[in-house]
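Accompanying notes for the structure given below.
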Amino acid sequence: MVLPTTQITYRLTSKSGIEAIKRFEEPLNTDLDAYEVLINIKAVALNYRDLIITTGEYPLPVGDNVIPISDASGVVVKVGAAVSDLQVGDRVITNCNPNHLYGPVKDFTNGLGNSQDGVLTQYRTFPHYGVTKLPKDSHLSHEEAASLVCAGVTAWNAIFGLKDHFTPGQSVLMLGTGGVSMISLILAKAAGAVTIITSSSDEKLQYIKEKYGVDYGINYRTHPDWEKEVMKVTNGEGVDLVIENGGNGTIAKSLASIKIGGQVSLIGFLSYVEEKPDVVGAVLMKSAILRGIAVGSKELSEQLVHFVHTKKLGMPVAKVFGFSEEQVYEAYASLKSQSEIGKVAIRID
Ligand SMILES: NC(=O)c1ccc[n+]([C@@H]2O[C@H](COP(=O)([O-])OP(=O)(O)OC[C@H]3O[C@@H](n4cnc5c(N)ncnc54)[C@H](OP(=O)(O)O)[C@@H]3O)[C@@H](O)[C@H]2O)c1
């Protein structure tokens with residue numbers, strides 16, 4: 001295969017917002033160490049973190065002139081001399097932290113798109129163990145596959161990460177209709193859960209009912225006490241699991257929504273209130289499990305890929321943008337607007 005000598009790469013040139021992402025043409029180094037692989041990136045998916053990385057609000061370190069975005073789907077175009085688990089032509093997805101192979105994450109200094117260069121580029125070298133292989137006959141588009149990386153693995157970890165805790169027939173509550181929530185909905189439904197989702201929009205709830213078959217939708221704007229609605233639809237019992245994306249602004253209501261012995265998977269920080277929520281009292285009174293989720297390991301990524309492949313699940317890609325500077329900005333603006341249901345992606349040509 002003849003590889004180009006240059007490639008188009010985007011870099012975050014300052015922490016002043018989306019416009020600080022600039023397009024460059026750079027030399028492409030195709031020399032590989034023995035255990036490296038070169039990936040031709042075909043699509044990337046955006047996450048909420050990618051927005052706050054551009055503004056300096058992300059809580060983890062962000063390198064100078066870093067290539068943004070962590071989630072990519074691509075094709076192996078070259079392998080190092082000692083690589084035996086991947087071949088040219090294999091489809092792969094990235095892992096948010098390529099060194100996180102199993103168990104809870106211990107090192108937060110390896111994240112793609114913040115600590116080290118990410119994937120908004122045409123080619124990227126990885127250690128062979130730092131990517132997850134897709135099945136040869138994968139039904140997923142590159143945009144769908146890229147959606148599995150952060151939002152997908154996070155959702156998988158949040159539902160199935162605590163071994164033997166989630167069983168079919170249990171109820172799962174998702175907050176909002178962003179990427180993590182929508183993939184959680186798809187996975188939970190496929191695993192036989194009763195599903196409830198909240199949204200600020202009745203139109204979105206209606207769409208999700210029709211397209212994804214969610215069992216119950218609750219508008220958290222018109223029902224600010226949405227935890228009471230959750231109790232109503234669960235016959236006063238509460239849910240088994242909450243996919244907690246709101247953080248400090250929603251945690252008290254999430255804990256009020258679970259049944260005795262239920263679990264809250266603590267993931268995001270989309271909402272904020274000044275008043276400190278009484279988490280300790282609520283966890284004690286509910287004998288609750290409050291579990292922090294930090295994306296997930298390669299082991300979880302492989303489990304997710306297997307499940308999605310076996311069940312032939314589609315991923316909720318709402319909008320796909322192109323690779324021009326204008327289109328990249330539009331993709332970020334679309335994510336920021338929170339107008340879509342699920343994922344925003346960029347196709348790389
Ligand atoms: N811990 C981890 O490893 C991890 C991994 C991935 C993501 N995260 C975090 O998880 C959160 C969600 O990420 P994402 O990528 O799925 O975000 P996203 O796609 O940008 O989600 C945006 C959606 O969230 C909903 N939302 C916003 N404010 C809300 C609120 N106060 N209450 C309920 N829903 C609200 C809105 O849905 P409606 O329009 O329907 O109202 C909005 O469209 C973010 O904070 C992100 O940083 C953490």
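The UniProt record's numbering numbers the first residue of the sequence shown as 1 and each following residue consecutively.
No residue lacks a Cβ here, since even glycine has one placed at the ideal position from N, Cα and C.
- Trp156 and Leu300 have their alpha carbons spaced roughly 7 Å apart.
- When the alpha-carbon of Leu140 is set against those of Met315, Ala333, Tyr123, the nearest one is in Met315.
- Shortest Cα-Cα distance from Ser257 to any of Ser171, Ala331, Tyr272 involves Ser171.
- Going by beta carbons, Ser265 and Glu244 fall inside the 8 Å limit.
- Collapsing the DSSP output to three states places Ile8 in a strand.
- The segment 311-330 and the segment 288-295 do not touch, with fewer than 3 CB-CB distances between them shorter than 8 Å.
- It is roughly 35 Å from the alpha-carbon of Cys96 to the alpha-carbon of Asp225.
- Of Glu275, Lys298, Gln303, Ile260, the smallest CA-CA separation from Ala282 is found for Ile260.
- The shortest C-alpha to C-alpha distance from Leu51 to any of Tyr332, Leu148, Ile197 is the one to Tyr332.
- A distance below 8 Å between beta-carbons, with the five flanking residues on each side excluded, links Asn65 to the following residues of its chain, in chain order: Arg11, Leu12, Thr13.
- Burial state of Glu144 is buried, judged by a 10 Å Cβ sphere holding 16 or more other Cβ atoms.
- Distance from the Cα of Thr132 is smallest, within the candidate group Val44, Ala72, Met231, Gly236, for Ala72.
- Separation of Asp215 and Gly247 (C-alpha to C-alpha, rounded to the nearest whole angstrom) is 24 Å.
- When beta bridges are read from the DSSP output, Thr198 appears opposite Leu175, Ile218.
- In the three-state reduction of the DSSP assignment, Asn235 falls in the coil class.
- Less than 8 Å separates the beta-carbon of Ser147 from that of Lys343.
- Residues of the same chain with a CB within less than 7 Å of the CB of Gln87, apart from the 5 flanking positions on each side, are Val76, Val79 in chain order.
- The beta carbons of Ile208 and Thr177 sit closer together than 8 Å.
- When distances are taken from the beta-carbon of Asn110 to the heavy atoms of ligand 1, even the shortest one reaches 7 Å or more.
- For Gly178, the CB falls within less than 7 Å of some heavy atom of ligand 1.
- Under the DSSP assignment, Lys133 falls in the beta strand (DSSP E) whose first and last residues are 131-133.
- Shortest Cα-Cα distance from Ser254 to any of Glu227, Glu274, Val233 involves Glu227.
- At the C-beta level, Leu32 and Thr125 come within 8 Å of one another.
- The straight-line gap separating the alpha-carbon atoms of Gly63 and Leu3 is approximately 28 Å.
- Cβ neighbours of Ala34 within its own chain (closer than 7 Å, five residues either side excluded): Gly80, Ala81, Ala82.
- In this structure, Gln122 sits near Ile41, with a CB-CB distance shorter than 8 Å.
- If you check the C-beta of Leu187 against ligand 1, you find no heavy atom less than 7 Å away.
- Here His142 is buried: its Cβ has 16 or more other Cβ atoms, across all protein chains shown, within 10 Å.
- In its chain, beyond the 5 residues on either side, Asn219 have a beta carbon closer than 7 Å to the beta carbon of Asp202.
- For Val308, the enclosing alpha helix (DSSP H) starts and ends at 298-310.
- In the DSSP assignment, Lys22 forms a beta bridge with Arg11.
- DSSP, read as helix, strand or coil, puts Asp117 in coil.
- DSSP, reduced to helix, strand and coil, places Ser339 outside both helices and strands of the structure shown, so it counts as coil.
- According to the DSSP assignment, Gly281 belongs to no beta strand (DSSP E) but to the alpha helix (DSSP H) extending over 279-286.
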